[in-house]
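Quick note on the numbering used here: the sequence shown kicks off at 17 and runs consecutively. Beta carbons: idealized from backbone N, C-alpha and C, even for Gly. Here the structure is a predicted model, which is why all the values come from computation and not from measurement.
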Amino acid sequence: MKPEIKQAETAAVFNAEITYQQLAEEALRRPYGQWQYLAGLSHPEWLLLQGQDGQPYFGCDQDWYRDFWQRLSGCGPSVSSNLTYYLARTGRERQEAETAALCPLLQSFTDAKLRQPLPETAFLRHMERLWTYVTPSKHGTYRVNMLVQGVLRLATDRGLSPEQLQAHALEVPETLALRPSLEQIRDFLITALRQDSPVAFLNLHNGNLDNLDSWHWTLITSVWQGPEPEALTVILSDSGVLRRVDLGLWRTASLLGGGLAYFVPRTRTQTDAQPGQTQPAGPDR
17 MKPEIKQAET AAVFNAEITY QQLAEEALRR PYGQWQYLAG LSHPEWLLLQ
67 GQDGQPYFGC DQDWYRDFWQ RLSGCGPSVS SNLTYYLART GRERQEAETA
117 ALCPLLQSFT DAKLRQPLPE TAFLRHMERL WTYVTPSKHG TYRVNMLVQG
167 VLRLATDRGL SPEQLQAHAL EVPETLALRP SLEQIRDFLI TALRQDSPVA
217 FLNLHNGNLD NLDSWHWTLI TSVWQGPEPE ALTVILSDSG VLRRVDLGLW
267 RTASLLGGGL AYFVPRTRTQ TDAQPGQTQP AGPDR
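In structure tokens:
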């Protein structure tokens, strides 16, 4: 049997053990029982990394940072590292030089080397770079716009114009009555993931979900619909661990809300990304 993701207790999704091969096949849209695949990344296995402890990680772990404050508050920069790395991998695959430039680390690896999980020591260089753009305040990275503007500054410094990488954001306010509907959230996720763009998820309060930390960023890689309209589940990367989270329950139970954000290179169209149309994230979002 192939290695499980980090730890056995976190490697169960829809009652199935997630292995390297199963993760790679996630994009095949196979249903898990009554759960139906809606959308997801075309290559979720690209997020597999190799920790110095010998374990496979699904995305990086903020504990890889060397400094104590970075480890304590580094979820935003870590998620930004995973997000920009994945976009850069897709850019390299599609021969989109400007998108591949989001992660200079890729220039150090041949295509053959990239077929294996990147090592922690190498990926940490990318994490340290992102820290300088998505830098937590004393309260952490507690607004969607902090991550969005940080990633856009990175893109500018890497030679991308504002037209070459467009940000989209969806705020989930503290007041329940002002929150987007579950359908709006579902459409936002589908629109992003069908463009092969992972979605950064800010969760300020976990709504008592025992597998989700409060005041925390994670990265959504696929979305699934259950038998009931309100049954919406996402698979995400959380500090190197693959998790399944009930987003429908979180939307109603979270006391503080949060938000979602993704980025689309200019070379990709939204023609096939419907049903949702989203507005670009402006400077005040």
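Could you tell me which of the options sits nearest to residue i, measuring between CA atoms?
i    : options                   : result
F139 : R282, W231 and G67        : G67
L130 : E61, V164 and Y81         : E61
P133 : Q86, H59, R202 and A185   : H59
V188 : L209, N222, R210 and E179 : N222
W51  : V261, N98, R267 and W266  : V261
F279 : Y81, D127, V160 and D77   : V160
P196 : R210, L235, W266 and S255 : W266
W85  : T157, D69 and F74         : T157
E244 : L198, L103 and L235       : L198
Q180 : L103, L63 and R210        : L103
A128 : A208, Y101, E114 and E109 : E109
Please classify residue i: does DSSP put it in a helix, a strand, or coil?
i    : result
Q211 : coil
T237 : strand
L203 : Reading off the sequence shown, one finds Asp at residue 203, where the question assumed Leu. In the structure shown, D203 sits in a helix (DSSP, three-state: H, G or I).
N98  : helix
P189 : coil
P281 : strand
Note down, in chain order, each residue of its chain lying with its Cβ closer than 6 Å to the Cβ of residue i, except the 5 sequence neighbours on either side.
i    : result
Y149 : G166, R169 and L170
L263 : L248 and V250
E190 : L272 and G273
P93  : L146, W147 and V150
Cutting at 7 Å between CB atoms, please list the residues of its own chain near residue i, excluding the five before and the five after it.
i    : result
L88  : none
D229 : N222
E246 : L198 and G264
What is the C-beta distance between residue i and residue j, in whole angstroms, given that I count them as a contact (C-beta under 8 Å)?
i    : j   : result
G90  : Q78 : 4 Å
A216 : L99 : 6 Å
Grab me the residues of residue i's own chain with a C-beta within less than 8 Å of its C-beta, minus the 5 sequence neighbours each way, in chain order.
i    : result
E112 : T106, P281 and T283
N224 : A269
Quick check on the DSSP output: what are the complete alpha helix (DSSP H) runs of length 4 or more inside the segment 108-179, in order along the chain? 113-116, 136-147 and 160-173
_Report the start-end ranges of each beta strand (DSSP E) in the segment 48-81 that is 3 residues or longer and not cut off at the edges._
Fully enclosed beta strand (DSSP E) runs of 3 or longer: 52-56, 64-66 and 72-74.
- Message: List, from N- to C-terminal side, the alpha helix (DSSP H) runs of 4 residues or more that fit wholly inside the segment 217-274.
- Response: Listed in chain order, they are 263-269.
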